[in-house]
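In structure tokens, the structure reads:
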């Protein structure tokens, strides 16, 4: 029996959220300013989206483009934003920061994890820019479970899923084998296309993240429910095992 795959769609506001839900999305990633690859949305935007749809949503915690958290003041401001979003009712989040050397920024991640206090969160595509993906997972292993880390959003490579397919398949095998550091679920995203799904699904990957693919009109246009529905249908199709 095939388990229903999770489909997460990027939303910028209530219109996107309603269309994504209508198309069959299981979850939203709520962000602002995709010109900067997604930043923390205003509290009011979260409230409007939460009122518009019933599906889960994860809220981005990121103040600027790139994967640096900034100085202590920047991290404190981000913690304040997280506190405000939690007060508004946010329960799931997305975050991820690296040091200049490409290691996980444990100080920033720890500060935010303490504010989130057990809320579930995704470590986003910063993993694709890490100096050592396996080392990053081992360094963040302590955040899994009670500290909330339950997902890695990754393309397997900085250049996107097309370049990272082999890595994604290999990491899924390590997840299935319960290797240390590989407990969090792999959420595939970053240049993901429908053509990638057969190989990924056959390897056991069961969570997928789309942004531009849900917007045939580009980022200046809203999410298109029909585009999301096409992805939902593709993910609901029977998984064909490799020969």
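In the working numbering, the protein residues as written are -15 to 227. Even glycine gets a Cβ: it sits at the ideal position worked out from N, Cα and C.
Could you tell me whether the Cβ atoms of residue i and residue j are closer together than 8 Å?
| i | j | result |
| --- | --- | --- |
| residue 78 | residue 43 | yes |
| residue 15 | residue -4 | yes |
| residue 109 | residue 174 | yes |
| residue 39 | residue 0 | no |
| residue 111 | residue 135 | no |
| residue 97 | residue 142 | no |
| residue 230 | residue 155 | No answer is possible for residue 230: the residues shown for the chain start at -15 and end at 227. |
| residue 119 | residue 81 | no |
| residue 93 | residue 51 | no |
| residue 73 | residue 125 | no |
| residue 218 | residue 176 | no |
| residue 152 | residue 140 | yes |
| residue 205 | residue 4 | no |
| residue 6 | residue 209 | yes |
| residue 62 | residue 30 | no |
| residue 104 | residue 76 | yes |
Using the DSSP secondary-structure output, state which residues sit across from residue i in a beta bridge.
| i | result |
| --- | --- |
| residue 170 | 136 |
| residue 23 | 16 |
| residue 180 | Answer is none; residue 180 lacks a bridge partner. |
| residue 11 | -8 |
| residue 228 | Shown here, the chain extends from -15 to 227; a query on residue 228 therefore has no answer. |
| residue 194 | -7 |
Below 8 Å on the Cβ atoms is my contact criterion, and I expect residue i with residue j to pass it. Report the Cβ-Cβ distance as a whole number of Å.
| i | j | result |
| --- | --- | --- |
| residue 213 | residue 8 | 6 Å |
| residue 160 | residue 129 | In fact, because the Cβ distance is near 18 Å, the residues do not count as touching under 8 Å. |
| residue 220 | residue -13 | Their Cβ separation, rounded to whole angstroms, is 11 Å, which puts residue 220 and residue -13 out of contact at 8 Å. |
| residue 193 | residue 172 | 7 Å |
| residue 216 | residue -9 | 6 Å |
| residue 123 | residue 99 | Not a contact, Cβ separation roughly 20 Å. |
| residue 115 | residue 85 | 6 Å |
| residue 20 | residue 49 | 4 Å |
| residue 186 | residue 225 | 6 Å |
Exercise. Are the region 136 to 155 and the region 87 to 104 touching by the rule of at least three beta carbon pairs closer than 8 Å?
Worked result: By the C-beta criterion, the region 136 to 155 is judged not to be in contact with the region 87 to 104, since fewer than 3 inter-stretch pairs fall below 8 Å.
For this session: Quick one: which unbroken alpha helix (DSSP H) runs of 4-plus residues sit fully inside the region 38 to 109? Chain order, please.
Result: Listed in chain order, they are 56 to 72, 90 to 100.
Exercise. Given 8 Å as the limit, is there contact between the region 23 to 33 and the region 44 to 64, that is, 3 or more CB pairs closer than that?
Worked result: By the Cβ criterion, the region 23 to 33 is in contact with the region 44 to 64, since at least three pairs of Cβ atoms, one from each stretch, lie closer than 8 Å.
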